[in-house]
Amino acid sequence: MIAVTLQRNKCIGCNYCFEIAPDMFRMSTKDGKSILVNGEDKRGFATVRVHDEYEDKANQCKEVCPVKIIKVHQCKVKK
Amino acid sequence: MQKIELMAPCGNWESMRAAVMAGADSVYFGVEQMNMRARATANFTVDDLKEIGEYCNSHNVRTYLTLNTIVYDHDLSIVKTLISAVKEHNITAVIAADQAVLNNARTAGVEVHISTQLNVTNLETVKFYALFADVMVLSRELSLTQVRKITDGISKEDVRGPSGNLIEIEIFGHGALCMAVSGKCYLSLHSNNSSANRGACVQNCRRTYTVIDNESGNELEIDNQYIMSPKDLCTIYFLDQVADSGVKVLKIEGRGRAPEYVKTTIETYREAIDALQNGTYSQEKVKGWMERLESVYNRGFWSGYYLGQKMGEWHDGSGSKATQKKVYIAKGAHYYPKPQIAEFLVEAQKIKKGDKILITGPTTGVIEMELDEIYVNGQPAEEAVKGDQLTFKCDRIRTTDKLYKMIPNPDV
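If you're matching them up, the sequences are chains L and P in order.
Note that the numbering used here has the first sequence beginning at 27, numbered continuously upward.
Note that the numbering used here has the second sequence beginning at 62, numbered continuously upward.
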């Protein structure tokens with residue numbers, strides 16, 4: 027599993043993450059900023075855990091984000 | 062001579078209070094991501110509009126919300142939200158570029174000003190946008206003769222905006238220029254995927270470049286490597302000609318710059334405009350004003366395209382040529398209102414009696430002063446060092462304030 031995080035208050039609504047991964051992000055029609063689908067919000071940082079197969083897409087979004095507010099990391103495996 | 066409105070850039074509360082105190086007639090600012098400084102760390106939010114409206118209206122300062130980025134479909138709702146907030150909180154006008162914003166604002170009965178992004182360069186265009194807007198900023202690439210032609214045309218042909226008044230023409234008076242026509246630049250988008258037209262310019266034009274002909278391998282010989290970074294615009298030394306060209310509003314650039322920049326620039330242009338008004342504008346005064354403008358952030362000055370120069374003038378270094386710079390010293394700790402004593406906790410370098418200081422904060426705005434008398438931990442002293450409790454007589458300060466020491470810039 028990987029975890030994807032979005033710090034949405036800094037989003038400038040450029041639309042690129044949605045272009046790359048429409049099943050992971052969508053654009054809010056309320057405030058024009060990106061929303062992490064099924065993200066759990068914690069002090070302005072939304073996080074979602076997704077299957078490894080999304081890793082490439084998530085990393086592309088991270089790369090393409092002009093304000094660098096998308097983070098991708100491996101989830102720690104509980105033993 | 063007609064009165065020129067002085068319009069100040071405000072990227073945050075510090076700058077806004079500094080601008081109002083310094084004598085601006087109007088302020089412009091952006092909220093959230095819908096403005097051309099979206100990348101700035103401290104932007105206003107929709108919730109700030111109420112306080113901005115109340116604060117500026119109580120000081121008789123007009124307020125303009127910049128809503129001039131490219132607008133996508135997913136932005137239409139926030140555009141509507143912002144326009145109704147503008148109406149609700151008595152913000153004077155919105156500065157618009159996109160037709161969706163123009164139309165929405167007009168429908169809602171909100172005054173519209175045309176942004177530089179629309180690149181207005183002739184009378185026909187002014188007439189077209191007069192269906193929507195009362196004030197228009199002209200393209201920065203026009204000469205004053207061309208500006209004059211447009212302002213003359215407006216009065217001759219009686220071009221009126223939705224308010225019924227003659228269209229007012231605004232031009233940029235001072236601040237950064239960029240190499241792109243009216244800021245329509247794709248450099249940052251191509252290199253960093255970060256669109257300047259969505260307020261996310263990474264300013265890569267301000268770096269050094271070498272130009273090599275790939276076919277021959279020859280490198281182009283150029284004056285300096287800052288080939289895309291123009292100097293800053295400054296009009297104070299020909300402000301009489303600017304006024305003669307019939308412009309009604311002088312806009313100062315710099316929403317991304319520090320509050321002391323806003324204070325100094327607005328104070329200086331305020332004096333110059335007032336001097337024009339009462340007939341005391343002179344080249345001797347200009348000398349003093351130039352010195353003051355040079356003390357804050359600048360890339361060197363030139364007259365832009367107003368006087369009809371053939372070539373642009375380019376900056377030859379990175380960053381500012383300001384003659385002064387600020388060094389962080391202390392944070393606000395307490396204020397004793399009766400004896401008017403400010404208390405700061407020194408957190409960084411030492412500070413001496415006689416030093417020039419700068420205090421900034423979201424409520425305080427900007428205070429500039431010289432330290433005549435200081436007390437350290439309650440005792441009269443010559444200097445304060447890290448960890449000391451520094452007190453001195455001063456106007457009201459807050460715990461959110463920061464104190465800086467102003468020193469000569471060693472790089473200039």
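Ideal placement from N, C-alpha and C gives every residue a C-beta, glycine not left out.
Bear in mind the structure is a predicted one, so any value in this text is a computation, not a measurement.
Spatially closest choice to residue i from the options, by CA coordinates
i               : options                        : result
G65 of chain L  : L:K102, L:Q100, L:R34          : L:R34
N151 of chain P : P:K346, P:V171, P:L137         : P:V171
Q207 of chain P : P:T384, P:Y367, P:P400, P:Y322 : P:Y367
P400 of chain P : P:R457, P:K414, P:D377         : P:R457
L227 of chain P : P:C262, P:D213, P:L238, P:A158 : P:D213
N183 of chain P : P:Y270, P:I230, P:L143, P:Q160 : P:I230
P469 of chain P : P:G91, P:V388, P:L406          : P:V388
K312 of chain P : P:Y125, P:Y116, P:P398         : P:Y125
D108 of chain P : P:S145, P:L464, P:K64          : P:S145
F193 of chain P : P:R201, P:D159, P:D462, P:L205 : P:D159
T106 of chain P : P:G91, P:D416, P:E115          : P:G91
Q385 of chain P : P:I418, P:G369, P:G365         : P:I418
F233 of chain P : P:Q410, P:R201, P:S379         : P:R201
C28 of chain P  : P:A85, P:E431, P:Y298, P:R100  : Missing from the structure shown is residue 28 of chain P; chain P here goes from 62 to 473 and no further.
Within-8 Å CB hit, residue i to chain P
i              : result
T73 of chain L : no
D57 of chain L : yes
C50 of chain L : The sequence as given places Met at residue 50 of chain L; Cys does not occur at that position. So, not an interface residue.
M53 of chain L : yes
C40 of chain L : yes
Local Cβ density within 10 Å of residue i, reported as buried at 16 or more and exposed below that
i               : result
S216 of chain P : exposed
R268 of chain P : exposed
P471 of chain P : exposed
Q94 of chain P  : buried
Y89 of chain P  : buried
R78 of chain P  : buried
S119 of chain P : exposed
I283 of chain P : exposed
E443 of chain P : exposed
V446 of chain P : exposed
Neighbourhood of residue i by C-beta, 6 Å cutoff - its chain only, sequence neighbours within 5 removed
i               : result
R316 of chain P : P70, G72, R98
M289 of chain P : M240, C266
I96 of chain L  : L32, C87, K88
L281 of chain P : V272
E332 of chain P : none
Under 8 Å by beta carbon: chain C residues contacting residue i
i              : result
C37 of chain L : Here chain C cannot be found, since the structure's protein chains are L and P.
Chain L within 8 Å of residue i, Cβ atoms only
i               : result
H150 of chain P : no
A158 of chain P : no
N265 of chain P : no
Nonlocal neighbours in the same chain, by C-beta distance under 8 Å from residue i, ignoring five residues either side
i               : result
L250 of chain P : S256, A257, N258
A336 of chain P : Y342, S343, K346
A383 of chain P : E355, S356, V357, Y358, N359, N470, V473
Spatial neighbours of residue i in its chain, beta-carbon cut-off 7 Å, leaving aside the 5 residues before and after
i               : result
N41 of chain L  : M53
H376 of chain P : Y287, S290, P291, K292, R360, G361
*Between the stretch 62 to 94 of chain L and chain P, which residues of the former have CB atoms less than 9 Å from a CB of the latter, in chain order?*
E89, V90, C91, P92, V93
*Contacting positions in the stretch 383 to 404 of chain P - beta carbon closer than 7 Å to chain L*: none
*Interfacial residues, the stretch 71 to 99 of chain P to chain L, with Cβ spacing under 8 Å*: E93, Q94, M95, A99
*Interface residues of the stretch 163 to 186 of chain P facing chain L [CB-CB below 9 Å]*: none
*chain L contacts made by the stretch 230 to 249 of chain P, where a contact means CB separation under 9 Å*: S249
*Which residues, in order along the stretch 128 to 149 of chain P, keep a beta-carbon less than 7 Å from a beta-carbon of chain L?*
Y133, H135, D136, S138, I139
*Closer than 7 Å, Cβ to Cβ, to anything on chain L: give me those residues from the stretch 254 to 286 of chain P, in chain order.*
N254, S255, S256, R259, G260, A261
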